[in-house]
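Protein chains: 2
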Amino acid sequence: MTEKQKAILDSALKLFASKGFDAVPTSAIAKEAGVSEGLIFRHFENKAGLLNALMQVGKEKLQEEMEALSQINKAEDKIVAIMEMPFHIDEEDYPFWRLVYSLKWQNEYYDDEMGKPMRDILIEALTELKYRDPEAEADLILAYLDGFATTVLLKGDIVDKDRLLQTLRKKYK
Amino acid sequence: MTEKQKAILDSALKLFASKGFDAVPTSAIAKEAGVSEGLIFRHFENKAGLLNALMQVGKEKLQEEMEALSQINKAEDKIVAIMEMPFHIDEEDYPFWRLVYSLKWQNEYYDDEMGKPMRDILIEALTELKYRDPEAEADLILAYLDGFATTVLLKGDIVDKDRLLQTLRKKYK
DNA sequence: ATTGTTAGTGAGTAATTGCTTACAAATATA
DNA sequence: TATATTTGTAAGCAATTACTCACTAACAAT
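So the sequence lines, in the order shown, correspond to chains A and B.
Convert by adding 11 to the 1-based position in the first sequence; the result is the number in our numbering.
Convert by adding 11 to the 1-based position in the second sequence; the result is the number in our numbering.
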């Protein structure tokens, strides 16, 4: 991975995340990265290939996170850790998550598979805790999660993240 | 509002909602509506004007909903009604809300003002119920709301809406 | 040193984009 | 009925789009 490849990925992520995939021409990415437009296609084949490369990097990060999660042994702690995830997203990863969430709304790119491993972990933990309907309970938590993530990623500078998390913590006690 | 104007708006909403505003060319809208492309610009000036017209219609619908909400006099009922809103969205309005939520993720179109009146109503109700930090509590509920809406609009056919709502209802009792 | 491979450029390309314009048909107004 | 206004079309426009291609520069392997 050369410097220029990294520059292309960085610029693409930044632009895709703020304006949306379809609104960003490859010419703009090249300009932002200080690179000729042709180089994008040399390295990533086409515009969709760029997006794939971006998602690949992100998915690897996510997988690490999931493994860390599976280290937690108490079911309750596991659920809490999942619910608080959006509040602990590293700020440098905001662009990636903004991109993921924005793509969800476009039929063509919608990819549900990303959330599945988390759902499985949740169901397992909820079953262990003898919840009556672990699946519905898991889907409800995942819905919360989407909401928290949206709020953090979109209104992070308006809404007080810490105060929100504090209020949330009081709820499950 | 002529038949063809309505056809244009319908087609635009359908396409924008499923593919995203930037991914849909005016030519595709015209074709879907069975209309010449020029007519779009005659009636709506430009592509952004089309979007504005769409949002205008939607905002009027929303305003009606808000007035219905203010009719509820018990603060508790008001909060419950707000929290359950996403589960009671009329299915014919799904495209509109999908469009709204997809636009949130694009800097250029992001419009926060739409959620404000709801936040005010929430804060008022929570203050009446003597919550310690009504603002944070309101923001938390709004975060839930975003999550519920996302789930209903995006996974409405995968996740069992009614079962989810039932599970949610058990929580606040 | 020579050769092969990869990294990088810049000028193209055909197709598509949002939008305009000249004109015709329909409809309202007098 | 005559006239003005609105609704509609088809062709065309400059600009932009994703992508290609011929080429050079850098670097590695033999």
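Just so you know, even glycine gets a beta-carbon here, dropped at the ideal spot from N, CA and C.
Residues that N118 (chain A) contacts on chain B, provided the C-beta gap is smaller than 7 Å: The contacting residues are S29 and K30.
Per-residue contacts from L175 (chain A) into chain B (C-beta, under 8 Å): Contact of L175 (chain A) with chain B by beta-carbon distance below 8 Å involves A147, D150, L151 and A154.
Just the chain B side, please: which residues come within less than 8 Å of F107 (chain A) by C-beta, in chain order? Ordered by position in chain B, no residue passes the 8 Å Cβ test against F107 (chain A), which lies about 13 Å from the chain.
What residues from chain B crowd round V170 (chain A), counting only those whose CB sits closer than 7 Å? Going along chain B in sequence order, the residues near V170 (chain A) (Cβ under 7 Å) are D150.
Cutoff 7 Å; reference A39 (chain A); Cβ partners in own chain excluding five residues on either side: Taken in chain order, the residues that qualify are L26.
Would I19 (chain B) pass as a contact of A59 (chain B) if the rule is Cβ separation under 8 Å? No.
Please classify R143 (chain B) as buried or exposed, where buried requires at least 16 other C-beta atoms within 10 Å of its C-beta. It counts as exposed.
Looking at C-beta atoms only, is the number of pairs between the region 80-97 of chain A and the region 149-160 of chain A that lie closer than 8 Å three or more? Yes, the region 80-97 of chain A touches the region 149-160 of chain A.
Could you check whether the region 47-56 of chain A touches the region 68-86 of chain A, counting it as contact only if at least three pairs of C-beta atoms, one from each stretch, sit closer than 8 Å? Contact between the region 47-56 of chain A and the region 68-86 of chain A is not established, with fewer than three Cβ pairs separated by less than 8 Å.
Kindly indicate if chain A contains any beta-carbon less than 8 Å away from that of F159 (chain B). Yes, contact with chain A.
Contact list for S113 (chain B) against chain A, beta-carbon separation under 9 Å: The contacting residues are G31, S113, K115, W116 and Q117.
Can you list, in chain order, the residues of the region 51-69 of chain A whose Cβ is nearer than 7 Å to any Cβ on chain B? Taking a C-beta cut-off of 7 Å against chain B, none of the residues of the region 51-69 of chain A qualify.
If you draw a straight line from the C-alpha of E146 (chain A) to the C-alpha of E139 (chain A), how long is it? Rounded to the nearest angstrom, the two C-alpha atoms are 12 Å apart.
Residue nearest to L126 (chain B) in terms of C-alpha spacing, selected from A:Q74, A:K166, A:T13 and A:V46: Note on identity: in this sequence residue 126 (chain B) is Gly, with Leu being the wrong assignment. Answer by Cα proximity: A:K166.
Quick check for students: name the residue ranges of the alpha helix (DSSP H) that lie wholly in the region 106-173 of chain A, counting only runs of 4 or more. Listed in chain order, the complete alpha helix (DSSP H) runs (minimum 4 residues) inside the region 106-173 of chain A are 127-139 and 145-166.
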